[in-house]
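Report on the following structure.
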Amino acid sequence: IATALRTYSQLEELHLQHNNIGLMGCTALADTLRGWEASNLKHLDLDGNGIDDQGLQTLAAGITNTKLEELHLQHNNIGLMGCTALADTLRGWEASNLKHLDLDGNSIDDQGLQVLAAGVTNTKLEELYLSDNLITGAGLRSMSDYFQSESCCLKTLNVLRNDFGDEGAVALADILMGNKSLTSLHFISHQSGITNPGWAAFSKLLCDPSSIKSTYHSNHIITTIGEYDMPRTPLNIRRYLELNEYPHPAIHKILKSHPDLDMEPFFQWKLKLLPVVINWFRSAGSRMLANNLGESIQRQSLQNRELSALYKFVRGMPDLTVMSYWQQFVMNAQAERRRIDDERRRLEDERRRLDGERCKLDYDEEAAWVRLGGRPRSEGEGSSNFVSGVKRRRQE
Numbered sequence: 006i007a008t009a010l011r012t013y014s015q016l017e018e019l020h021l022q023h024n025n026i027g028l029m030g031c032t033a034l035a036d037t038l039r040g041w042e043a044s045n046l047k048h049l050d051l052d053g054n055g056i057d058d059q060g061l062q063t064l065a066a067g068i069t070n071t072k073l074e075e076l077h078l079q080h081n082n083i084g085l086m087g088c089t090a091l092a093d094t095l096r097g098w099e100a101s102n103l104k105h106l107d108l109d110g111n112s113i114d115d116q117g118l119q120v121l122a123a124g125v126t127n128t129k130l131e132e133l134y135l136s137d138n139l140i141t142g143a144g145l146r147s148m149s150d151y152f153q154s155e156s157c158c159l160k161t162l163n164v165l166r167n168d169f170g171d172e173g174a175v176a177l178a179d180i181l182m183g184n185k186s187l188t189s190l191h192f193i194s195h196q197s198g199i200t201n202p203g204w205a206a207f208s209k210l211l212c213d214p215s216s217i218k219s220t221y222h223s224n225h226i227i228t229t230i231g232e233y234d235m236p237r238t239p240l241n242i243r244r245y246l247e248l249n250e251y252p253h254p255a256i257h258k259i260l261k262s263h264p265d266l267d268m269e270p271f272f273q274w275k276l277k278l279l280p281v282v283i284n285w286f287r288s289a290g291s292r293m294l295a296n297n298l299g300e301s302i303q304r305q306s307l308q309n310r311e312l313s314a315l316y317k318f319v320r321g322m323p324d325l326t327v328m329s330y331w332q333q334f335v336m337n338a339q340a341e342r343r344r345i346d347d348e349r350r351r352l353e354d355e356r357r358r359l360d361g362e363r364c365k366l367d368y369d370e371e372a373a374w375v376r377l378g379g380r381p382r383s384e385g386e387g388s389s390n391f392v393s394g395v396k397r398r399r400q401e
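The numbering used here puts the first residue of the sequence shown at 6, with every later residue one more than the last.
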């Protein structure tokens, strides 16, 4: 078959599932793919062909010469070495268009998943199937960098029938916090060992009620967690997932999770922020009506919360006024203290200047008395000596 395919480089889809081609078939197929000068192959299905690590290593060298968008390798014998070869190929495949990668039913463990996650980081991959493997919570957590990267485009992740337990559920919830692409996460809860702690982690992922800010930064992208129709997904999580399908889900979650909105953090802006708060409530009301969510949060309830928020602003203003008064009082006292200190320094400088002038006058006066023949012993004697001295100078 591989020999015949060498003249069909314009082939777009190749389905060879369940043929047990093994290593020799992979080698022949890789040679054919490398020999195509301008391959248009977009879909390659090698499901159930007994391909092991060595076979995938051989095959991986040939797929870079294609425009492959879908690669089906489910139900083979791929392990760590195969994942390493595939990851190296994807990492160095600059023109990769791969969007769908199916590795269900292989022998991929945590180490293999860690290697694979590092290889798909810079790809355009949108769907990744990893069901029926040997993946635990540690392996899922190793995908954190991939899901947190801005280049992550993955929309669907299938990990059915992997026994990762609550540890894996918590890991998935952690790595999906802040992720902006994944919309579907598929697993079977009872087969994966997920119990209440695991579901609690997913609930917090979708809506963290610890604060308004935490609720706002929750995940508002994902719409499916669990089985495809989510029969075992808890009701509260299904409701959050439904909200994620509407525009502006963060607003709805904030209103559902915070019946009494705390306005105190906004008091630092005083009345400047009050119009913003009013507009936010009105905008939330109009969006709720547009999304037909009036049953979950009644319009009257929203109006009551708006009035409550306004009341808190009004009630908080007197406290702010008193606080501002004493803050201003302290500022004025500090300014007056600085003025007094400056004035005291000025007066000390003036005193030193006047002392200097007085010393100079004392010196000049003493010099004058020396020229007059000495300082008199009494006031009368001083005047007589002064007159005698003047007459003597005139005669001279």
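Where is the CB? At the ideal position from N, CA and C, for every residue including glycine. Please read these numbers as outputs of a predicted model, since none were measured by experiment.
Short of 8 angstroms in beta carbon distance, which residues of its chain neighbour residue i, apart from the five on each side in sequence? Order them along the chain.
{"i": "Asn-167", "result": "Leu-135, Ser-136, Asp-137, Asn-138, Leu-139, Ile-140, Thr-141, Gly-173, Phe-192 and Ser-197"}
{"i": "Ser-112", "result": "Asn-82, Ile-83, Gly-84, Asn-138 and Leu-139"}
{"i": "His-195", "result": "Arg-237"}
{"i": "Gly-55", "result": "Asn-25, Ile-26, Gly-27, Asn-81 and Asn-82"}
{"i": "Thr-94", "result": "Ala-65, Ala-66, Ile-68, Thr-69 and Gly-124"}
Please report the Cβ distance between residue i and residue j, rounded to the nearest whole angstrom; I am assuming they are in contact, meaning their Cβ atoms lie under 8 angstroms.
{"i": "Thr-238", "j": "Ile-226", "result": "Going by Cβ atoms, the distance from Thr-238 to Ile-226 rounds to 17 angstroms, so no, they are not a contact pair."}
{"i": "Val-175", "j": "Ala-206", "result": "4 angstroms"}
{"i": "Cys-157", "j": "Tyr-151", "result": "6 angstroms"}
{"i": "Leu-91", "j": "Leu-61", "result": "6 angstroms"}
{"i": "Ile-217", "j": "His-263", "result": "6 angstroms"}
For residue i, does the three-state DSSP call read helix, strand or coil?
{"i": "Ile-345", "result": "helix"}
{"i": "Asn-82", "result": "strand"}
{"i": "Ile-259", "result": "helix"}
{"i": "Glu-420", "result": "Residue 420 is absent from the structure shown; the chain starts at 6 and stops at 401."}
{"i": "Asp-58", "result": "helix"}
{"i": "Lys-396", "result": "Confidence at Lys-396 is low in this model, with a pLDDT of 48, below 50, so its placement is unreliable and no value can be given for it."}
{"i": "Gly-231", "result": "strand"}
{"i": "Ser-301", "result": "The predicted model places Ser-301 with a pLDDT of 48, which falls under 50 and marks its position as unreliable, so this point remains unresolved."}
{"i": "Leu-19", "result": "strand"}
{"i": "Leu-28", "result": "helix"}
{"i": "Leu-352", "result": "helix"}
{"i": "Glu-75", "result": "strand"}
{"i": "Asp-50", "result": "strand"}
{"i": "Asp-114", "result": "strand"}
Sorted by chain position, which residues of the same chain lie with C-beta nearer than 6 angstroms to residue i's C-beta, five sequence neighbours on each side aside?
{"i": "Gln-15", "result": "Asn-45"}
{"i": "Ser-219", "result": "Asp-213"}
{"i": "Asp-3", "result": "Residue numbering for the chain in the displayed model covers 6 to 401; residue 3 lies beyond these limits and cannot be assessed."}
{"i": "Leu-64", "result": "Cys-31 and Ala-35"}
{"i": "Gln-22", "result": "Asp-50, Asp-52 and Gly-53"}
{"i": "Asp-57", "result": "Asn-82"}
{"i": "Gln-2", "result": "There is simply no residue 2 to check, as the chain begins at 6 and stops at 401 in what is shown."}
{"i": "Thr-228", "result": "Thr-188, Leu-246, Asn-249 and Glu-250"}
{"i": "Leu-10", "result": "Thr-37"}
Which same chain residues, not among the five before or five after residue i, have their C-beta less than 7 angstroms away from its C-beta?
{"i": "Arg-380", "result": "Trp-374"}
{"i": "Ala-33", "result": "Ala-7"}
{"i": "Leu-181", "result": "Phe-152, Leu-187, Leu-210, Asn-224 and Ile-227"}
Give a yes or no on whether 9 angstroms exceeds the smallest Cβ distance from residue i to chain D.
{"i": "Asn-45", "result": "Of the protein chains in the structure, only one exists, and it is not chain D."}
Please specify which runs of the alpha helix (DSSP H), each continuous and at least 4 residues long, are wholly inside the stretch 160-222, giving them in chain order. 170-180, 194-197, 201-211 and 217-221
Would the stretch 64-73 count as touching the stretch 121-133 if we require 3 or more Cβ pairs under 8 angstroms? no
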